[in-house]
Amino acid sequence: MTDQLADLQKAIVEGDDTQAARLVEAALAHGLPALDILNKGVVAGINKAGELWAANKYFLPDVILAADAFKAAMLPLEPRIKASRGAQPTHKFVIGVVQGDMHDLGKSLVIAMLTSAGFEVVDLGIDVPHDRFVQAVQQHQPAIVGLGAYMSTTMLEMKDVIGELKKQGLRERVKIMVGGVPTSQEFADEVGADAWGKDALQTMQKALALVGGSHG
């Protein structure tokens with residue numbers, strides 16, 4: 595791994611969005627492949643941030659800063675990733691954290707993994723109301739909608755989102771995945787989701803399975 599990629603990991607872990615974006619641009623300028631920058635720099639950095647959060651060595655402000663640094667790094671990177679894939683078809687994945695929930699790090703991890711697998715990700719952000727998910731399905735016509743919740747008090751919002759998609763006649767158009775710390779396969783079955791991802795890697799693997807295993 596180059597020093598640039600190690601520094602990029604560090605910038606994301608430390609939540610330095612300006613440095614993260616600068617390092618991505620420098621790595622691209624030096625001719626490093628976009629997918630290497632993504633996987634060995636951005637994904638590795640956000641994964642490390644996730645590990646620190648899970649080990650209670652990271653606090654909410656740290657998580658927010660790391661997620662912001664991830665987003666800053668992805669801005670110059672995403673167009674290059676798309677360009678490197680040429681005219682290959684991609685599957686759209688709409689993702690958002692449900693209403694009332696402000697946790698962003700888990701979603702950032704999932705986005706990084708999905709992007710590396712070839713999905714075109716539409717990020718609705720955090721605290722997303724039901725109607726915003728409906729609008730996104732109508733506008734983007736994704737293959738999959740991913741619903742995230744990181745608190746037990748917000749996870750039932752997922753059921754309401756799925757209900758609203760049914761009400762609008764959109765449920766059969768998309769596959770729905772749910773994920774987040776308080777969720778489980780049992781919960782996914784209960785709310786009528788198509789799949790549950792216990793972590794970012796499994797979410798990517800199951801998303802690929804839902805679209806027939808194509809990396810786009």
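Each residue of the sequence shown is one higher than the one before, counting from 595 in the working numbering. Even for Gly, the Cβ is constructed at its ideal location relative to N, Cα and C.
For residue i, decide whether its Cβ has a neighbour in chain C, counting only Cβ atoms nearer than 8 angstroms.
i           : result
residue 752 : Included in the structure is just one protein chain, with no chain C present.
Tell me the DSSP secondary structure of residue i in three-state form.
i           : result
residue 810 : For residue 810, the predicted model reports a pLDDT of 43, less than 50, meaning its position is unreliable; a value from the coordinates is still stated below. Reduced to three states, the DSSP call for residue 810 is coil.
residue 639 : helix
residue 644 : helix
residue 805 : coil
residue 633 : helix
residue 649 : coil
residue 616 : helix
residue 656 : helix
residue 596 : coil
residue 601 : helix
residue 610 : coil
residue 674 : helix
residue 623 : helix
State the Cα-Cα distance for the pair residue i and residue j, rounded to the nearest angstrom.
i           : j           : result
residue 596 : residue 635 : 9 angstroms
residue 660 : residue 698 : 9 angstroms
residue 663 : residue 687 : 21 angstroms
residue 674 : residue 653 : 32 angstroms
residue 750 : residue 626 : 43 angstroms
residue 631 : residue 676 : 14 angstroms
residue 711 : residue 701 : 15 angstroms
residue 764 : residue 689 : 16 angstroms
residue 610 : residue 666 : 9 angstroms
residue 703 : residue 800 : 15 angstroms
residue 731 : residue 754 : 15 angstroms
residue 599 : residue 606 : 11 angstroms
residue 775 : residue 617 : 31 angstroms
residue 639 : residue 721 : 24 angstroms
residue 770 : residue 723 : 16 angstroms
residue 647 : residue 756 : 29 angstroms
residue 604 : residue 760 : 43 angstroms
residue 758 : residue 725 : 8 angstroms
residue 633 : residue 789 : 24 angstroms
residue 803 : residue 656 : 33 angstroms
residue 795 : residue 649 : 19 angstroms
Round the Cβ separation of residue i and residue j to the nearest angstrom and send it over; I've been treating them as touching at under 8 angstroms.
i           : j           : result
residue 574 : residue 768 : Look at the range of the chain in this structure, 595 to 810, and you will see that residue 574 is not part of it.
residue 798 : residue 708 : 6 angstroms
residue 743 : residue 805 : That pair is no contact at about 23 angstroms.
residue 628 : residue 622 : 7 angstroms
residue 728 : residue 762 : 5 angstroms
residue 685 : residue 713 : 6 angstroms
residue 695 : residue 748 : 4 angstroms
residue 752 : residue 772 : 5 angstroms
Is any non-hydrogen atom of the ligand ADP found closer than 7 angstroms to the C-beta of residue i, if you look at the structure I gave you?
i           : result
residue 771 : With respect to the ligand ADP, the structure shown offers nothing to examine, as it has no ligands at all.
Pick out the complete beta strand (DSSP E) segments inside the stretch 754-792, 3 residues or longer, and give them in chain order.
-> You should have 769-773 and 789-791.
Which runs of the beta strand (DSSP E) spanning at least 3 residues fall entirely within the stretch 684-758, listed in chain order?
-> Runs of the beta strand (DSSP E) inside the stretch 684-758: 686-691, 714-717 and 738-742.
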